[in-house]
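**Student:** Take a look at the following structure, please.
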Amino acid sequence: MSSLVIHDLHVSIGEKPIVKGLTLTINSGEVHAIMGPNGTGKSTLSKAIAGHPDYTITGGDVLLDGVSILSQEADERARAGIFLAFQYPSEIPGVSIANFLRAAQQARMAEGEELDASAYYKRLYSKMDLLKIDRKFTSRSVNEGFSGGEKKRCEILQMAMLEPKFALMDETDSGLDIDALRIVADGVNTMRGPNLGVLLITHYQRLLDYIVPDHVHVMYDGRIVKSGDKSLALELEAKGYDWIKKELAATTA
Amino acid sequence: MSATTLTAPPSLVGSFTPEAFAAHLASLPPTLPAWWIARKRAAYARFAALPLPSRTDELWRFSSIGTLTLDGFTLPAAVTSVPHAPSGIPQAAKLVFANGRLFSRQPLSAELSARGVIVDTLQNALVQHETLVREHLLAQPPKLGSPKFAALHEAFLADGAFISVPRDVQLDLPIGIFAYALGATAAVFPHTLVVAGENARVSVVEYFGSGDDTEAQFAAGANDLYAGHGAQIAYIGKQSWSRRALSFQSNSTVVRRDARVQSLNLHLGGRQARHESLSQLAAPGAFSEMLALTVAETGQEFDQRTLQIHQAPNTKSDLLYKNALRGTAKTIFSGLIVVDPDAQKTDAYQSNRNLMLSDDAEACSLPGLEIQANDVRCTHGATSSRIDPEQEFYLQSRGIAKEAADELLTFGFFEEVLNRLVNDDLHEALRTLIQTKFKQ
Ligand SMILES: Nc1ncnc2c1ncn2[C@@H]1O[C@H](COP(=O)(O)OP(=O)(O)OP(=O)(O)O)[C@@H](O)[C@H]1O
Ligand SMILES: [Mg+2]
Numbered sequence: 294m295s296s297l298v299i300h301d302l303h304v305s306i307g308e309k310p311i312v313k314g315l316t317l318t319i320n321s322g323e324v325h326a327i328m329g330p331n332g333t334g335k336s337t338l339s340k341a342i343a344g345h346p347d348y349t350i351t352g353g354d355v356l357l358d359g360v361s362i363l364s365q366e367a368d369e370r371a372r373a374g375i376f377l378a379f380q381y382p383s384e385i386p387g388v389s390i391a392n393f394l395r396a397a398q399q400a401r402m403a404e405g406e407e408l409d410a411s412a413y414y415k416r417l418y419s420k421m422d423l424l425k426i427d428r429k430f431t432s433r434s435v436n437e438g439f440s441g442g443e444k445k446r447c448e449i450l451q452m453a454m455l456e457p458k459f460a461l462m463d464e465t466d467s468g469l470d471i472d473a474l475r476i477v478a479d480g481v482n483t484m485r486g487p488n489l490g491v492l493l494i495t496h497y498q499r500l501l502d503y504i505v506p507d508h509v510h511v512m513y514d515g516r517i518v519k520s521g522d523k524s525l526a527l528e529l530e531a532k533g534y535d536w537i538k539k540e541l542a543a544t545t546a
Numbered sequence: 166m167s168a169t170t171l172t173a174p175p176s177l178v179g180s181f182t183p184e185a186f187a188a189h190l191a192s193l194p195p196t197l198p199a200w201w202i203a204r205k206r207a208a209y210a211r212f213a214a215l216p217l218p219s220r221t222d223e224l225w226r227f228s229s230i231g232t233l234t235l236d237g238f239t240l241p242a243a244v245t246s247v248p249h250a251p252s253g254i255p256q257a258a259k260l261v262f263a264n265g266r267l268f269s270r271q272p273l274s275a276e277l278s279a280r281g282v283i284v285d286t287l288q289n290a291l292v293q294h295e296t297l298v299r300e301h302l303l304a305q306p307p308k309l310g311s312p313k314f315a316a317l318h319e320a321f322l323a324d325g326a327f328i329s330v331p332r333d334v335q336l337d338l339p340i341g342i343f344a345y346a347l348g349a350t351a352a353v354f355p356h357t358l359v360v361a362g363e364n365a366r367v368s369v370v371e372y373f374g375s376g377d378d379t380e381a382q383f384a385a386g387a388n389d390l391y392a393g394h395g396a397q398i399a400y401i402g403k404q405s406w407s408r409r410a411l412s413f414q415s416n417s418t419v420v421r422r423d424a425r426v427q428s429l430n431l432h433l434g435g436r437q438a439r440h441e442s443l444s445q446l447a448a449p450g451a452f453s454e455m456l457a458l459t460v461a462e463t464g465q466e467f468d469q470r471t472l473q474i475h476q477a478p479n480t481k482s483d484l485l486y487k488n489a490l491r492g493t494a495k496t497i498f499s500g501l502i503v504v505d506p507d508a509q510k511t512d513a514y515q516s517n518r519n520l521m522l523s524d525d526a527e528a529c530s531l532p533g534l535e536i537q538a539n540d541v542r543c544t545h546g547a548t549s550s551r552i553d554p555e556q557e558f559y560l561q562s563r564g565i566a567k568e569a570a571d572e573l574l575t576f577g578f579f580e581e582v583l584n585r586l587v588n589d590d591l592h593e594a595l596r597t598l599i600q601t602k603f604k605q
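Protein sequence lines, in the order shown, are assigned to chains A and B. Under the working numbering, think of the first position of the first sequence as 294, with each following residue one higher. Under the working numbering, think of the first position of the second sequence as 166, with each following residue one higher.
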């Protein structure tokens, strides 16, 4: 069993502290949902864990199976098993999905080892079928000209191909229509199991009807301020965030 | 006190002395027509009289001048073997030249020969197809700054390729031309002449290569592409000379009525490689597409000068040159579009894009327009950009190491050019070739 431990993490962008002492442990097999108002630092948290160079870790640690990953480059972290499904995936003109994923697979192989191209395509096509992505997409440039929903589906396709230990999914549900939401959720549920831990960042309870979380956390001003089970998401949906802010003001007053 | 030494003025001929020229002439077959020999003599006289490019020469702006030299080269002997260079492309016929001599050939099918297609050496063509060769061989005067090197090329041109496709004949497979320079100080003068008759269609893949990257060689090459009424020529040139070679290549394209020429030059080799490309849109409906890709590394300077001349109405030219620069590489792009007064309804585009993979590389761009007609559509521009850090992070976040990510992004940058190629096999073969340079 694997674990991803985020311990008292502080992240700044430039001089500005964004994540201010966040602690959370995700074990494989678990799905944790993080909800929280815009601008509280959810994307910052996920990108910092993935190793984005613009984010400075000013305190705390992130451990994958007991080993700190903070000194690793983003690509090392990815090969160690961290996957970030981006809120806003980049467009890469001129690089086809097929070549991109092949390079990502090749990067996980030993020096001199050759990728079995026919097995690779077979696997790619089966994952595409699962996510109901047209096979024509393999020759299209990564995310270029994709609709919002197509980009998100493509993120899940990459996740399915790369089989990470931990997936940080940043608003994968935004931009998806009802059918696409179900397809993506089914895809994630298929991958769910003892070998995968998930951190699901979302604004909507709707996604959590499909991907039922084991834990729900509320993030506010760079910290987790409340944790609970899936009923917490329902409560947030009904009441909004104001009561959390009031509760917080009362305890810190 | 040091002894006074007499310093000779820098030689205008360097290794290419009158004796060397005489020896070259003596080595040619006696069957060559007299007009050709006379032209070569005149060319040698021009070469010997012209100065080397100077710093104040506008057509050499930004170029390194001090590193240009004519000294230290030899006219190489024949060889018994050439490097193995699988092109990855099936070909209708092939000519392999090494050190200016025909080394081997794969002839055309009997069927294509019977239909009048010719793929032969220039030496043979000068005798057997004298009129056609005389009409087109080096027929366009050099306009882009290298009259001296053009004269040197003409003077020392021993043999090259002649491709002629007659009216209405269309070839499915490309013709392959290989030109090798072999030996540490070898000087070579490759030439390819392509004449496509009315509605003919042909593609040519030319490969320039050396034995290895330590050879300090010299190349002054040229090609002439002539597309007759309604003809289509696709030309791909892959310049892979030794990293220590000094190279001058001049391309002249004439496009007649409703004809189309697409050329793509891939620049990989040489320490200093200058490429001059001239397209003349000579009659209505003519279209020339000029493409180039360069991978420039530390210790390399690629110098590209282009001229698109619109001489008739309703003509089109479209130039896209992309350079990827690594280390301390340097590239120069200087392009000019000229639209003659009566060339109305001209469409002319010129774009130079540089991808800077290092902070120490230098890309110079001089795009230019000279328009004398009033009803035209012309755009030109040059940009330099770096790797987008968000794209790089995206690739890295999938486990791809930084260097591999940058390589992938460079391919992505080149893809716009490669995608213009109609032939998928060529596209794939070129990809592989560029990849090989990255692996070095
Ligand atoms: N590159 C950046 N430079 C400066 N400020 C930034 C940068 N990226 C994020 N921020 C700021 O950091 C804060 C947290 O942003 P973040 O994107 O992590 O929020 P979020 O919780 O994901 O919000 P949302 O729910 O809208 O996606 C915001 O105030 C944002 O403006
Ligand atoms: Mg966000």
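In this text, a Cβ means the ideal position worked out from N, Cα and C, and glycines have one as well.
(1) Within 9 Å of any Cβ in chain A, is that where the Cβ of A168 of chain B sits?
(2) Go to G387 of chain A, then tell me how far its alpha helix (DSSP H) extends in each direction, as first and last residue.
(3) Once you ignore the five residues that flank D483 of chain B on each side, which residues in its own chain have a CB closer than 6 Å to its CB?
(4) Measure the C-alpha to C-alpha separation of R220 of chain B and N588 of chain B and round it to an integer number of angstroms.
(5) Please state whether DSSP places H294 of chain B in a helix, a strand or coil.
(6) Got a sec: which bits of the stretch 302 to 329 of chain A sit with their beta carbon under 9 Å from any beta carbon on chain B, in order along the chain?
(7) Can the beta-carbon of S415 of chain B be found less than 9 Å from the beta-carbon of W406 of chain B?
(8) At a Cβ cut of 9 Å, what residues of the stretch 383 to 407 of chain A count as close to chain D, listed as they run along the chain?
(9) Taking Q567 of chain B as the query, report the chain A residues whose CB atoms sit under 8 Å from its CB, ordered along the chain.
(10) If you count every other CB in all the chains shown that lies within 10 Å of the CB of S192 of chain B, and 16 or more means buried, which is it?
(11) For ligand 2, list every residue whose C-beta falls under 7 Å from any of its heavy atoms, going in chain order.
(12) Is it buried or exposed for S562 of chain B, if we count other Cβ within 10 angstroms and need 16 for buried?
(13) What separation, rounded to the nearest whole angstrom, lies between the Cα atoms of L302 of chain B and A526 of chain B?
(14) Run through DSSP, which three-state label would L485 of chain B get?
(15) Which residues in the same chain as R204 of chain B place their Cβ atom closer than 7 Å to its Cβ, once the five residues preceding and following it in sequence are excluded?
(16) May I have the straight-line CA-CA distance separating H592 of chain B from L520 of chain B, to the nearest angstrom?
(17) Is it right to say D285 of chain B is buried, meaning 16 or more other beta carbons lie within 10 angstroms of its own, or is it exposed?
(18) Under 9 Å, Cβ to Cβ, is there at least one residue of chain B near A371 of chain A?
(19) Is the closest heavy atom of ligand 1 to the C-beta of T351 of chain A under 8 Å?
(20) Measure the alpha-carbon distance for V503 of chain B versus S442 of chain B and round it to whole angstroms.
(21) Please report the Cβ distance between V505 of chain A and G329 of chain A, rounded to the nearest whole angstrom; I am assuming they are in contact, meaning their Cβ atoms lie under 8 Å.
(22) Hey, how far is the Cα of P241 of chain B from the Cα of L347 of chain B?
(23) Among residues of its own chain, excluding the 5 on either side of T597 of chain B, which ones have a beta-carbon nearer than 7 Å to its beta-carbon?
(24) Please list, in chain order, the chain A residues whose beta carbon lies closer than 9 Å to that of F576 of chain B.
(25) Would you say A457 of chain B and K481 of chain B are within 9 Å of each other, going by their C-beta atoms?
(26) Should R446 of chain A and V477 of chain A be called a contact, given that it needs their Cβ atoms to be closer than 9 Å?
(27) Just to make sure I have the definition right: I need the residues of chain B whose C-beta is within less than 7 Å of the C-beta of A343 of chain A. Which are they?
(28) Can you tell which of B:L177, B:E555, B:T232, B:A570 has its C-alpha closest to the C-alpha of Y348 of chain A?
(29) Are the Cβ atoms of R476 of chain B and A448 of chain B separated by less than 9 Å?
(30) Does any residue of chain A have a CB that is nearer than 9 Å to the CB of N584 of chain B?
(31) For chain A, check one thing: does any of its Cβ atoms lie closer than 9 Å to the Cβ of A173 of chain B?
(32) Would you say L489 of chain A faces chain B, with C-beta separation under 9 Å as the test?
(33) Could you check the C-alpha separation between T337 of chain A and P255 of chain B for me, to the nearest Å?
(34) Could you spell out the range, first to last residue, of the alpha helix (DSSP H) harbouring F579 of chain B?
(35) Apart from the five residues just before and just after R395 of chain A, which ones in its own chain have a Cβ nearer than 7 Å to its Cβ?
**Tutor:** Let's see:
(1) For A168 of chain B, the pLDDT reaches just 47, beneath the cut-off of 50, and the residue's location in the model is therefore unreliable, leaving the point undetermined.
(2) Looking at the DSSP string, G387 of chain A is not in any alpha helix (DSSP H); the run it does join, the beta strand (DSSP E), is 385 to 389.
(3) E454, Y514
(4) 42 Å
(5) coil
(6) none
(7) no
(8) This model lacks chain D altogether, as its protein chains are A and B.
(9) Reading off the sequence, residue 567 of chain B comes out as Lys, not Gln. Going along chain A in sequence order, the residues near K567 of chain B (Cβ under 8 Å) are E366, D368.
(10) exposed
(11) A:K335, A:S336, A:Q380, A:D463, A:E464, A:I494
(12) buried
(13) 38 Å
(14) strand
(15) E319
(16) 20 Å
(17) buried
(18) yes
(19) no
(20) 14 Å
(21) The Cβ separation is near 19 Å, so there is no contact.
(22) 8 Å
(23) G253
(24) G387, V388, N392
(25) no
(26) yes
(27) S562
(28) B:E555
(29) Going by the sequence as given, residue 476 of chain B is Gln instead of Arg. Yes. Within cutoff.
(30) yes
(31) Note that A173 of chain B scores 49 on pLDDT, short of 50, meaning its location in the model is unreliable; the coordinates nonetheless yield the value given after this. So no, A173 of chain B is outside the interface.
(32) no
(33) 52 Å
(34) 567 to 583
(35) L408, Y413
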